[in-house]
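The block underneath contains the structure these notes are about, expressed in structure tokens.
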Amino acid sequence: MPITLNDEAAQVAFGEMLGQALAGRGQVHLIGDLGAGKTTLARGILRAYGHVGAVKSPTYTLVEPYETASARIFHFDLYRLGDPEELEFMGARDMLGSDALCLIEWPSRGAGWLPVPDLEVRLQLVSDGRRVSGTAYSQQGRAVLARMPACLSHKEDEC
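Numbered according to the numbering used here, the sequence shown terminates at residue 172, and the numbering increases by one at each position without gaps.
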């Protein structure tokens with residue numbers, strides 16, 4: 014069941030809840046059009062781990078690492094990725110294979126190279142804010158959805 018988030022504060026709060034449910038690990042694909050709020054959601058997730066600084070989309074650097082007391086987080090933005098093989102050259106395999114949390118915006122740009130995520134979060138612009146929905150692709154992703162109080166779907170792998 015999709016959830017509507019009425020404003021930026023609601024998006025950040027939802028991101029914090031999601032961050033707590035993720036428990037500092039896994040791969041999350043953030044999907045949505047430009048301006049849908051992927052980076053805002055990432056900011057909320059990072060706040061769940063105590064990050065208080067700015068969070069900007071790493072559009073030009075492709076990845077921004079964050080170290081907190083409780084988690085290592087890699088925030089990817091693949092919008093400007095020329096070829097999925099570039100991920101290999103920048104060492105993404107090590108980042109994705111580590112015991113870290115990886116947030117990936119524009120994962121379609123890495124298609125064929127990126128592994129299947131634990132969780133896919135879709136953001137859609139709607140007249141009254143943003144609509145967010147999620148789909149789990151692993152046992153870990155299903156456990157995250159189960160821990161989210163706002164996920165009321167009857168399906169175990171979607172919210």
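In this text, a Cβ means the ideal position worked out from N, Cα and C, and glycines have one as well.
Item                                                                                                         : Value
At least three beta-carbon pairs within less than 8 angstroms, the stretch 60-74 to the stretch 18-35        : yes
Where Arg106 falls, given that 16 or more other Cβ within 10 Å makes a residue buried                        : exposed
Every unbroken beta strand (DSSP E) within the stretch 59-110, with a cutoff of 3 residues, ordered by chain : 76-80 and 85-90
Reduced DSSP category for Ser146 - H, G, I as helix; E, B as strand; rest coil                               : strand
Buried or exposed by the 16-neighbour rule on C-beta atoms within 10 Å, applied to Lys69                     : exposed
Inter-residue spacing [alpha-carbon to alpha-carbon] between Gln40 and Gly66                                 : 22 angstroms
Inter-residue spacing [alpha-carbon to alpha-carbon] between Ala113 and Asn19                                : 30 angstroms
Ala149 burial status per 10 Å Cβ neighbour count (16 or more: buried)                                        : buried
Integer-rounded CB distance, given that Ile16 should sit under 8 angstroms from Val145                       : 5 angstroms
Contact check, Ala36 vs Val157, beta carbons under 9 angstroms                                               : yes
Bridge-paired residues (DSSP) for Gly11                                                                      : Nothing in the structure corresponds to residue 11, since the chain is present only between 14 and 172.
Proximal residues to Ala22 (C-beta, below 7 angstroms), its chain only, five neighbours per side dropped     : none
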